[in-house]
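Going letter by letter, the sequence shown gives residues 22 to 239 in our numbering.
The beta carbon of each residue, even a glycine, is placed where N, CA and C say it ideally should be.
The next block holds one structure in the form of structure tokens; read it before the comments.
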Amino acid sequence: MRLVFIGPPGAGKGTHAKILSAKYHIPHISTGDILRAKINDGSEIGKKAKSYVESGGLVPDSVVIQMVKERLQERDTQAGFLLDGFPRTLGQAEAFDQALCQVGIHLDAVIDFNASLKTILRRLTGRRMCPKCNANYHIANMPPKKSNICDECGSALVQRKDDHEETILKRLEVYKKDTEPLINYYRKQGQLKEVNADLEVKELDVHLLEILKSVPAR
Ligand code: ADP
Ligand code: ZN
């Protein structure tokens, strides 16, 4: 199964990507997670990406496209993948289409997570993440068992630098301008499925499973 998740920051793409990737045994590929890891380990790509990521802007297409192409050459993507946060611009979507076409594969579905501004702000301001294993938490909706400690690996949780209010507003602007046009792009290709991302995690999970049932198994 080859899936793409599109939606504004805070819509819950990462949360649902983790649930579905475990269920379907396909890798969850989050360009945001990959970029943050590269920033933390001080690699060349990380140095190029740091200022964009931390200010809420987009990392240049050329950098991200190359990074995703390399990731998709790894063996674990043969049975499928779930892309979260890519493509994020029309340029990325076109380059991605070309790359898929060259190897003769196609996407099974593009899922658009529709969320209201109120939901987005509530989720992002309460979000905490594990800097070591990328597990996500929310101080009210999905708190860790022990305050501020990752359930999975015991690390202290952090708030992402780009989850502070001014940066959140900038990311939403960037989303509207650069990423929202992709919704029509994929709708025209007949691949778009829209979901109501204001729903609670459990309800939305049920809805996503319904949608994926209609995707032919390979
Ligand atoms: P969110 O979806 O909550 O904004 P992500 O973790 O997906 O968070 O992304 C965080 C940041 O990483 C983005 O604001 C951007 O700077 C960078 N980024 C992630 N994916 C891409 C992409 N496909 N193209 C350009 N920049 C990206
Ligand atoms: Zn952890």
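To the nearest angstrom, how far is the alpha carbon of residue i from that of residue j?
| i | j | result |
| --- | --- | --- |
| L182 | E75 | Here residue 182 turns out to be Lys, not Leu, going by the sequence shown. So the alpha carbons of these two residues sit roughly 6 Å apart. |
| A156 | I40 | 11 Å |
| A218 | C171 | 25 Å |
| A114 | P108 | 5 Å |
| G78 | G63 | 19 Å |
| T52 | Y207 | 19 Å |
| F134 | R192 | 16 Å |
| V236 | A130 | 8 Å |
| E224 | E231 | 11 Å |
| Q123 | Y158 | 39 Å |
| A120 | P202 | 20 Å |
| Y73 | R57 | 11 Å |
| R144 | H127 | 32 Å |
| I160 | G125 | 44 Å |
| R96 | K59 | 21 Å |
| V80 | Q87 | 12 Å |
| Q180 | C151 | 9 Å |
| Y45 | T98 | 12 Å |
Considering just the uninterrupted stretch of the beta strand (DSSP E) at residue i, what are its terminal residues?
| i | result |
| --- | --- |
| R148 | R148 to M150 |
Per DSSP, which one or two residues make a beta bridge with residue i?
| i | result |
| --- | --- |
| L213 | V131 |
| F26 | D105 and I132 |
| I50 | L104 |
Quick one: give me the first and last residue of the alpha helix (DSSP H) that residue i is part of.
| i | result |
| --- | --- |
| H37 | K34 to Y45 |
| S235 | S235 -> no alpha helix (DSSP H), and no H or E assigned at all. |
| Q119 | L111 to Q123 |
| G67 | E65 to S76 |
| V85 | D82 to L93 |
Leaving out the 5 sequence neighbours to the left and right, which residues in its chain are closer than 8 Å to residue i when beta-carbon positions are compared?
| i | result |
| --- | --- |
| V84 | I66, K69 and A70 |
| T146 | D184, E186 and I189 |
| N169 | R149, A177 and L178 |
| A38 | F26, H49, S51, L103 and D105 |
| G33 | F134, A136, R144, A218, V222 and L225 |
Excluding the 5 residues flanking residue i on each side, which residues of the same chain have their C-beta closer than 7 Å to its C-beta?
| i | result |
| --- | --- |
| G112 | D82 |
| I204 | I27, D133 and L213 |
Tell me which same chain residues have a C-beta within less than 6 Å of the C-beta of residue i, skipping the five on either side of it?
| i | result |
| --- | --- |
| S137 | D219 |
| L104 | V25 and I50 |
| I141 | P29 and G31 |
| K214 | A130, I132 and I232 |
| K153 | C174 and S176 |
Segments assigned beta strand (DSSP E), at least 3 residues, entirely inside the stretch 153-202: 157-159
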